[in-house]
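For reference, the structure discussed in these notes is given below.
In this note's numbering, the protein residues as written are 7 to 86.
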């Protein structure tokens, strides 16, 4: 199955090295994704639920475990 251009959406943070790298990789392959600047336009709960379903992961997998907030808020606690 071949992807159409409308099939590509990048939730992008221009200040993030990995996000910029992902965009560059797509563009180098001639692909132009729809870009959502998620810090300016955060996804709502329904969109997050849909994305997690497409990714086949839990919300916990999206957490950045190396961040200070993760540790300070004890987000590693599985009961949360």
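We put the CB at the ideal spot given by N, CA and C, even for glycine.
Note down the Cα distance separating residue i from residue j, rounded to an integer number of angstroms.
| i | j | result |
| --- | --- | --- |
| residue 52 | residue 59 | 11 Å |
| residue 61 | residue 13 | 14 Å |
| residue 79 | residue 32 | 35 Å |
What distance in whole Å lies between the Cβ atoms of residue j and residue i, which are believed to be in contact at a cut-off of 8 Å?
| i | j | result |
| --- | --- | --- |
| residue 42 | residue 17 | 5 Å |
| residue 23 | residue 39 | Their Cβ separation, rounded to whole angstroms, is 18 Å, which puts residue 23 and residue 39 out of contact at 8 Å. |
| residue 45 | residue 19 | 6 Å |
Going by alpha carbons, who is nearest to residue i out of the options?
| i | options | result |
| --- | --- | --- |
| residue 86 | 74, 69 and 73 | 69 |
Should residue i be listed as close to the ligand MN, given that the test is whether its C-beta is under 7 Å from any heavy atom?
| i | result |
| --- | --- |
| residue 35 | The ligand MN is not part of this structure, which contains no ligands at all. |
Along the chain, where does the beta strand (DSSP E) containing residue i start, and where does it finish?
| i | result |
| --- | --- |
| residue 17 | 15-18 |
Three or more C-beta pairs closer than 8 Å, one from the region 41-51 and one from the region 62-71: is that the case here?
Contact check between the region 41-51 and the region 62-71: fewer than three CB pairs, one atom from each, fall below 8 Å, which does not count as touching.
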